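Shown next, in structure tokens, is the structure this report addresses.
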Ligand code: PSU
Ligand code: MN
């Protein structure tokens, strides 16, 4: 294992996470871009507390990962949470940090949320192998004209971490995202479903290999990690519960509207814009759905982490 203290980046693993690592207890890494850029303030901080509690209720210790003033935190203590809250309250610049941004963010002593790619990388460096997020990034609609493919795909292809998501972001080209994952060698499984979920909705129209048992998942992941020349992650797609889903036929016109409204916005700004717009259009129903699916994913990830110990 890599000693995080010997890396040129400053990585602070909280005492609780260090103890859990030493004891080989179940740990679930949580990303923070969904907090800094995916949900509105102050609901985002309540969401973080709710997700951390949910991990614990399901038997795992939450390791939220983010960067504060150039220091990467793996597991947030009370002081780190206060610092994050203070930055949000005072509208300090919080960056959206993918894995390619980490070195410069360290150099500039920036603060920000880590995306799936950065969180996977930092979790792996710290020795954490299970990670829960909302929706992964992927291939954007209109890629034929503007080749916008998230670094999340490359991270899933190269970092052996198990990621639980509710599908990819609904705003993406979902069939193309699944093709890209296949080409990248990333195994994708539907948790108790035959259909790849699409974030707000349980359906996407695309089939996925189904897994129904925690032990099957955990065994497959352990086996994969022991195979030479295979270093990819594993993606588990967990559909949002029926009570909170926004059916595809209902959300799709809203997404199309939001994409039209996003004209002129590109790169890493596009997702935060679209999520904000969808919250406006749906009267915050998209935010309620986002919170529900995150909780659902953290709870499944905690159970998988428990099964792996
Ligand atoms: N899905 C959401 N909200 C988010 C993200 C995904 O509903 O904020 C974030 C995740 O952190 C993901 C990132 O890794 O967006 C991907 O961004 P991009 O498409 O710019 O690579
Ligand atoms: Mn992109």
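In our numbering, the protein residues as written are 15 to 323. Glycine included, every Cβ here is placed at the ideal spot set by N, Cα and C. All values reported here derive from a predicted model rather than from experimental measurement.
At the level of alpha carbons, what is the spacing between residue 266 and residue 33?
45 Å
Quick one: what's got a C-beta closer than 7 Å to residue 167's C-beta in the same chain, skipping five residues either side?
Excluding positions up to five away in sequence, the list reads 152, 194, 195 and 198.
Between the C-alpha atoms of residue 104 and residue 30, what's the straight-line distance to the nearest angstrom?
29 Å
For the segment 41 to 58 against the segment 126 to 135, are there 3 or more C-beta pairs whose distance is under 8 Å?
yes
Confirm, please, whether the CB-CB distance from residue 124 to residue 64 is below 8 Å.
At a Cβ-Cβ threshold of 8 Å, residue 64 and residue 124 do not count as neighbours.
Whole angstroms are fine: how far does the CA of residue 206 sit from the CA of residue 224?
6 Å
Here's the rule I'm using: 16 or more other beta-carbon atoms within 10 Å means buried, otherwise exposed. How should residue 211 be labelled?
buried
Which term fits residue 181, buried or exposed, when burial requires 16 or more other beta carbons within 10 angstroms of its beta carbon?
It counts as buried.
Let me confirm a value: residue 106 is counted as buried when at least 16 other C-beta atoms fall within 10 Å, else exposed. Which label applies?
exposed
Output the boundary residues of the alpha helix (DSSP H) element that contains residue 60.
57 to 71
Considering Cα atoms alone, identify which of 214, 163 and 175 is closest to residue 191.
163
May I ask whether a heavy atom of the ligand PSU can be found less than 7 Å away from the beta carbon of residue 45?
yes
Any heavy atom of the ligand PSU closer than 7 Å to the CB of residue 168?
No.
Between residue 34 and the ligand PSU, is there a pair consisting of the residue's CB and a ligand heavy atom that are separated by less than 7 Å?
no
If you draw a straight line from the alpha carbon of residue 244 to that of residue 238, how long is it in whole angstroms?
7 Å
Using 10 angstroms around the beta-carbon of residue 215, count the other beta-carbons present and answer buried if the total reaches 16, otherwise exposed.
It is buried - the Cβ of residue 215 has at least 16 other Cβ atoms within 10 Å.
What residue range does the beta strand (DSSP E) around residue 138 cover?
No beta strand (DSSP E) contains residue 138, which is instead part of the alpha helix (DSSP H) from 130 to 140.
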